[in-house]
DNA sequence: CTTTTTTTGGTGTCATCGCTCCATAAATCC
DNA sequence: GGATTTATGGAGCGATGACACCAAAAAAAG
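Chains as they are written, first to last, in this note's numbering: chain A, 868 to 1078; chain B, 868 to 1078.
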């Protein structure tokens, strides 16, 4: 048998960090969320994180790497409404209706920047940021693929007609969510976004097949 | 009678400019369109315009002023499809269907950057660019107001029910167009965008009142 | 011609960008 | 205690950002 790992959390070796990495990451995420990558300076970052440049580079590889991590953290933590709503019960149409409503709510929280961190990020940027841009394109495509999979599932369950264009519908809903993200950034209130979502969801209602 | 103005275009006084201001503005517009304001550097600009810093500041007040002019030029020249489609004959539903299809085409031209210069611009940016951001918010709100006016007109013409929610529908179509702008920036082809537009337009079809 | 007017090319400026270096501080290990 | 290890504070780096300055060039006006 291999020796058991220490269960009591032994303190690590050297000088203890003066800040919590996860907290700092959250603070950076919020700033990136609000200002985007190019709109957020290094000094802005270490300012809001409350650390020095040395501490920053001791915990993060670069501004770009931090942004990547921030996007991942956002997708995992703040983007839960997306997958959760799509996995909810009640059929495809209801799931998408729920998801769009959840988007409206998530995009207009008072304790976070408005809109979606991913939806409108790096659509226009310098060629120097092409890696980041591609990463965000992949994120958006990923979300679209999840939606498409849910629609395909709806067809399989007989909730949508056999000839339903799942790819087209997924692209449509993806566009609507991204558009809601723009509206939110422009100051649209929750009700306005919910109305947009409701109208968008009605497209599925029309082609949903009643049992 | 006041003395007539010279009709023959007398050459102006000093050294003739070595470049055409409108052409340079177009070149700058295209670069801004592709990279956004923060993603476009001063050197990038004078590079694509083919002029020196001196010539630049002799014709334009600042990078910010140039961007403002570029947005105006875009709205006036490249954004004609928008107003033209909405003014077309055949009723509201047809007008919006035409407009969304025109958007799909305009967003995927081969001789211009993909997407819309206004739709996705300055949604995330540094506080230093708040003037530009507000200007773009106004542009987007202006487009939404034009759509709403067309919908109100549709109600007046009896093409839509009296209780149609024109503001809500305008917000919805605005979101769809902006979302199509994101999709286009992410590389979506013309057909995909046209499909999105078609699905979006079907919302009006449903609430359109047949005479 | 000279004067006046406007544009141009080239160089310089000053702030900010993201990032690095190093001596020191604060902890554990022996 | 000393050695080792890790984190911190602070100064500073080269590159790039937008922009300013000025003498020279190229035209019309007198």
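All residues carry an ideal CB built from backbone N, CA and C; glycine is no exception. For clarity, every value in this text was computed on a predicted model and none was experimentally measured.
Is the Cβ of residue i closer than 7 Å to any Cβ of chain A?
i	result
residue 1077(B)	Note that residue 1077(B) scores 45 on pLDDT, short of 50, meaning its location in the model is unreliable; the coordinates nonetheless yield the value given after this. No, residue 1077(B) lies away from the interface with chain A (no Cβ there is under 7 Å from its Cβ).
residue 1033(B)	no
residue 976(B)	no
residue 1010(B)	no
residue 985(B)	no
residue 930(B)	no
residue 877(B)	no
residue 998(B)	no
Are the Cβ atoms of residue i and residue j separated by less than 7 Å?
i	j	result
residue 990(B)	residue 987(A)	yes
residue 899(A)	residue 934(A)	yes
residue 912(A)	residue 937(A)	no
residue 1052(A)	residue 982(A)	yes
residue 1042(B)	residue 1046(A)	yes
residue 1067(B)	residue 967(B)	yes
residue 963(A)	residue 1071(A)	yes
residue 1064(A)	residue 971(A)	yes
residue 905(B)	residue 931(A)	no
residue 969(B)	residue 948(B)	yes
residue 1002(B)	residue 941(B)	no
residue 1026(A)	residue 959(A)	yes
residue 1016(B)	residue 1059(A)	no
residue 902(B)	residue 993(A)	yes
residue 999(A)	residue 1018(A)	no
Would you verify that the beta carbon of residue i is, or is not, closer than 7 Å to some beta carbon of chain B?
i	result
residue 1047(A)	yes
residue 1043(A)	yes
residue 1016(A)	no
residue 1007(A)	yes
What residues of chain A sit near residue i, judged by a beta carbon separation below 8 Å?
i	result
residue 1066(B)	1035, 1036, 1039 and 1070
residue 1050(B)	1038, 1041, 1042 and 1045
Where does residue i sit, in a helix, a strand or coil, going by DSSP?
i	result
residue 975(A)	coil
residue 923(A)	helix
residue 910(A)	helix
residue 990(A)	coil
residue 1027(A)	coil
residue 928(B)	coil
residue 899(B)	helix
residue 1014(A)	helix
residue 1002(A)	helix
residue 1063(B)	helix
residue 887(B)	coil
residue 1058(A)	helix
residue 1039(A)	helix
residue 968(B)	helix
residue 881(B)	coil
residue 997(A)	helix
residue 981(A)	coil
residue 1071(B)	helix
Drop a sphere of 10 angstroms on the beta-carbon of residue i, count the other beta-carbons inside from all chains shown, and report buried for 16 or more, exposed for fewer.
i	result
residue 1044(B)	buried
residue 878(B)	exposed
residue 916(B)	buried
residue 1056(B)	exposed
residue 1040(A)	buried
residue 927(A)	buried
residue 881(B)	exposed
residue 884(B)	exposed
residue 996(A)	buried
residue 1021(B)	buried
residue 978(B)	exposed
residue 1108(A)	For chain A, the structure presents residues 868 to 1078; residue 1108(A) sits outside this window and is missing.
residue 1024(A)	exposed
residue 965(A)	buried
residue 1007(A)	buried
residue 945(B)	buried
For a contact meaning CB atoms closer than 8 Å, what does residue i contact in chain B?
i	result
residue 1004(A)	1053 and 1054
residue 901(A)	991
residue 1063(A)	1035, 1038, 1039 and 1042
Who are the neighbours of residue i on chain A, taking C-beta pairs under 9 Å?
i	result
residue 905(B)	903, 905, 906, 991, 992 and 993
residue 979(B)	Within 9 Å Cβ-Cβ: nothing; residue 979(B) doesn't reach chain A, min ~14 Å.
Going along chain A, which residues have a C-beta under 7 Å from residue i?
i	result
residue 895(B)	Here the premise fails: no neighbours, minimum Cβ distance about 14 Å.
residue 988(B)	991
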